[in-house]
Every structure is written in C-alpha cells, then in structure tokens.
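Trainee: I have a structure I would like to understand better, so I am pasting it below and will then ask my questions one at a time.
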Amino acid sequence: MTTLHVIAHSPFGDNRLASCLRLLGADDAVLLCGDAVYALRAGTEPQRLVQAAQLDNRLFALAEDLQARAINSDLAQAVDYPAFVALSLHYDKVNSWL
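Each residue of the sequence shown is one higher than the one before, starting from 434 at the first, in this note's numbering.
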C-alpha cells in the first residue's frame with residue numbers, strides 16, 4: 434500500500450521529518466508544506482537528510498509555501514493545490530505528520 438506523507442512542521446523544531454524518512458516505503462512519497470519546506474534550505478541538516486533519502490520524483494513541496502519563504506530547490510517538485518489533491522488520490526493513503 435502506497436502512502437503520501439504530508440509534513441507541515443518545521444524540521445528544526447522536532448524529528449518528524451527524520452522519522453518520516455526512516456519509515457518511508459519504496460513507493461511512498463513526501464509532500465512538504467507550511468514550515469516543512471524549510472527542510473529544502475541549502476546547507477542545512479534537514480536538507481542533507483532529504484538528499485540522503487534519494488526521493489527522486491517522490492518529493493513534493495507546495496509552491497505557495499516555497500514562494501512565501503523564498504526557497505528554491507531542485508530536490509522537490511513544486512505543486513499547487515490541485516496537484517496536491519491529485520497526489521492524494523494517486524496514493525492509497527495519506528498520512529499527515531501532525
């Protein structure tokens with residue numbers, strides 16, 4: 434069963450991102466939104482974790498949140514809200530890391 438993992442909290446406040454990456458299945462994907470997009474900031478430990486996870490074509494970030502935080506990254510595919518809905522329907526289940 435494939436899962437879309439949605440993370441919205443800053444990677445600097447707790448270990449949700451690291452826990453998610455540790456539990457990620459081979460066909461699972463991650464969507465970063467809200468302050469979680471800070472994980473894509475160059476030169477940070479969260480960015481190194483994301484890079485090490487090798488999430489080619491399985492890492493997404495809400496474009497609106499990237500823009501609001503002035504973050505540019507090639508690690509994640511920027512998506513809008515309609516694409517977020519499409520991702521939610523594509524995966525068997527959605528797990529929000531609250």
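All C-beta atoms, glycine included, are put in the ideal place defined by N, C-alpha and C.
1) Within 7 Å of any Cβ in chain B, is that where the Cβ of Gln510 sits?
2) Could you name the residues of the same chain whose beta carbon sits closer than 7 Å to that of Pro444, not counting the 5 residues immediately before and after it, in chain order?
3) From which residue to which residue does the beta strand (DSSP E) around Gln510 run?
4) Report the option in Ala494, Lys526, Ser529 and Asp507 whose CA atom is closest to the CA atom of Tyr514.
5) Please state the DSSP three-state secondary structure of Phe493.
6) Three-state secondary structure (DSSP) at Leu531?
7) What are the boundary residues of the beta strand (DSSP E) that includes Leu482?
8) Is Arg491 buried or exposed, if buried means 16 or more other CB atoms sit within 10 Å of its CB?
9) Measure how close the beta-carbons of Asn528 and His438 come, nearest whole angstrom, since I'm counting them as under 8 Å.
Mentor: This is what the structure gives:
1) Looking for chain B here will not work: only one protein chain is present.
2) Residue mapping note: residue 444 aligns to position 11 of the sequence shown, counting from 1. Leu450, Ala469, Tyr471, Ala472 and Pro479.
3) Within the sequence shown, the letter at position 77 stands for residue 510. Its beta strand (DSSP E) spans residues Gln510 to Val512.
4) On the sequence shown, residue 514 is found 81 positions in, with the first residue counted as 1. The option with the nearest alpha carbon to Tyr514 is Ala494.
5) In the sequence shown, the residue the question calls residue 493 occupies position 60. Three-state result, Phe493: strand.
6) Counting from one through the sequence shown, the residue named residue 531 turns up at place 98. In this structure, Leu531 counts as coil in the three-state DSSP scheme.
7) As a working mapping, residue 482 is identified with position 49 in the sequence shown. First-last for Leu482: Glu478 to Ala485, but that is the alpha helix (DSSP H), not the beta strand (DSSP E).
8) In the sequence shown, counting from the first residue as 1, residue 491 sits at position 58. By the 16-neighbour rule on beta-carbons within 10 angstroms, Arg491 is buried.
9) Numbered from its first residue, the sequence shown carries residue 528 at position 95. Numbered from its first residue, the sequence shown carries residue 438 at position 5. At roughly 5 Å, the Cβ-Cβ gap stays under 8 Å, so Asn528 and His438 are in contact.
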